[in-house]
Amino acid sequence: MSARKIIIDTDPGQDDAVAILLALASPEDLDVLGITAVAGNVPLDLTSKNALIVCELAGKVDVPVYAGCDRPMARELVTAEHVHGKSGLDGPNLPDPEMTLSDGHAVDFIIETLRKEDPRTVTLCPLGPLTNIATAFQRAPDVIERVQQIVLMGGAYFEVGNITPTAEFNIYVDPQAADIVFKSGIDIVVIPLDVTHKALVTQPRNDAFRALGNAAGIAVAEMTDFFERFDKEKYGSTGAPLHDPCVTAYLIKPELFSGRHINVEIETQSPLTMGMTVADWWGVTDRPPNATFIGDVDSDGFFALLTDRLGRL
Ligand code: BDR
Ligand code: CA
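Going letter by letter, the sequence shown gives residues 1 to 313 in the numbering used here.
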């Protein structure tokens, strides 16, 4: 089977960085057509720069990287330096990139790629707020039916919220964009906090990254050394949750994950619950299913895959 064509839409972010590394280390499974940066964990100038840094860390300097939207569709940008540090990629000491951004806007790249490739052969992998993706759909509705699938990190049901009591960060930052995506009719797979909080980097798992001895393995260990303090203090967890790498792992080995095909809607009005993913996990409404909401992961299998692939870089 040929590698699946994907566009990674991202706001790096240490966990975004690991997700990108996993994809770039897996060319037999994933053909990364491009990386599109969006404002999220940190402002756009930093998320774009960080995407370039990660491509260089992977030794894949020919991947096109585009800068996209610098703010949500209808709200002020909320960022997460309290989690990811000032650069968004605090932890390792990585050099400034020599690679440069590709010309053009990320939204145009998404639209043009979906129009150019055969229908339903390109999967979108959003790892941050959904601004670039929803802007593309709004500007060029013809591309919606050309998308093969969207596999995204965002939302929560059992874990409820991380940035507010009821909302997960990626959805909260741009709920209007999320609403457009969830109403698009595209086949959507959602990797929520319910899953990513089970993909925790324990000390032995981080030691295994470091022991790979290559630049990528050492950098990932240093990223999680930094990134883990937030969740350890807040949740008392054993280590950093690798949210976004669950997306690229799902694309490579979906059998590691399980979930339910359910209705998921986005709260866009209430100041109290803005950005909540209202997931009908228990089927208590007759609203039609529009997403596969993942609930569980084989975390040992996930870390075995990740460590093996990082070792190839
Ligand atoms: C999500 O928000 C960001 O902080 C992470 O990169 C991840 O995409 C988790 O809520
Ligand atoms: Ca992210």
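We treat Cβ as the ideally placed atom computed from N, Cα and C, and that holds for glycine.
Since the structure is predicted, the reported quantities are computational estimates derived from the model, not experimental observations.
| Item | Value |
| --- | --- |
| Report back the beta-carbon spacing between residue 40 and residue 129 to the nearest angstrom; my notes put them in contact at under 8 Å. | 5 Å |
| Would you kindly work out how many angstroms separate the C-alpha atoms of residue 68 and residue 44, rounded to a whole number? | 8 Å |
| Could you tell me which of 105, 208, 181 sits nearest to residue 311, measuring between CA atoms? | 208 |
| Who are the near neighbours of residue 144 in its chain, counting only those whose CB is closer than 6 Å to its CB and skipping five residues on each side? | 137, 184 |
| Under 6 Å, CB to any heavy atom of ligand 1. Which residues pass, going along the chain? | 13, 15, 16, 41, 80, 83, 127, 128, 153, 162, 168, 169, 170, 243, 244 |
| Run through the DSSP bridge pairs and tell me what residue 257 is partnered with. | 297 |
| Quick one: what's got a C-beta closer than 7 Å to residue 288's C-beta in the same chain, skipping five residues either side? | 263 |
| Apply the 10 Å Cβ neighbour rule to residue 93 and answer buried if 16 or more other Cβ atoms are within range, or exposed otherwise. | exposed |
| Between residue 100 and ligand 2, is there a pair consisting of the residue's CB and a ligand heavy atom that are separated by less than 8 Å? | no |
| Mind checking whether residue 123 and residue 7 have CB atoms under 9 Å apart? | yes |
| Would DSSP call residue 244 helix, strand or coil? | coil |
| What does the Cβ neighbour count give for residue 158, buried or exposed, with the cut at 16 atoms within 10 Å? | exposed |
| Out of 23, 29, 87, which one is the CA nearest neighbour of residue 60? | 23 |
| Which residue comes first and which comes last in the alpha helix (DSSP H) that contains residue 228? | 215-235 |
| Following a CB-centred definition, is residue 11 positioned closer than 8 Å to any heavy atom of ligand 2? | yes |
| Mind checking whether residue 37 and residue 134 have CB atoms under 9 Å apart? | no |
| Which ranges would you report for the alpha helix (DSSP H) in the region 63-98 if only whole runs of at least 4 residues count? | 81-84 |
| Considering only heavy atoms of ligand 3, does any lie closer than 8 Å to the CB of residue 89? | Looking for ligand 3 in the displayed structure turns up nothing; the ligands present are ligand 1 and ligand 2. |
| Give the straight-line distance between the Cα atoms of residue 167 and residue 161, rounded to the nearest whole angstrom. | 4 Å |
| Could you give the C-beta distance for residue 169 and residue 80, rounded to a whole number, given that I count them as a contact under 8 Å? | 6 Å |
| Which of the three DSSP states is assigned to residue 138 in this structure? | helix |
| Quick one: residues in its chain with C-beta nearer than 7 Å to the C-beta of residue 3, no 5 flanking neighbours on either side, listed in chain order? | 27, 28, 29, 30, 31 |
| Take residue 113 and list the residues in its own chain whose beta-carbon comes closer than 8 Å to its own, dropping the five residues that flank it on each side. | 7, 33, 34, 122 |
| Quick one: what does DSSP say residue 112 is sitting in, helix, strand or coil? | helix |
| Over what stretch of residues does the alpha helix (DSSP H) that includes residue 195 continue unbroken? | 193-196 |
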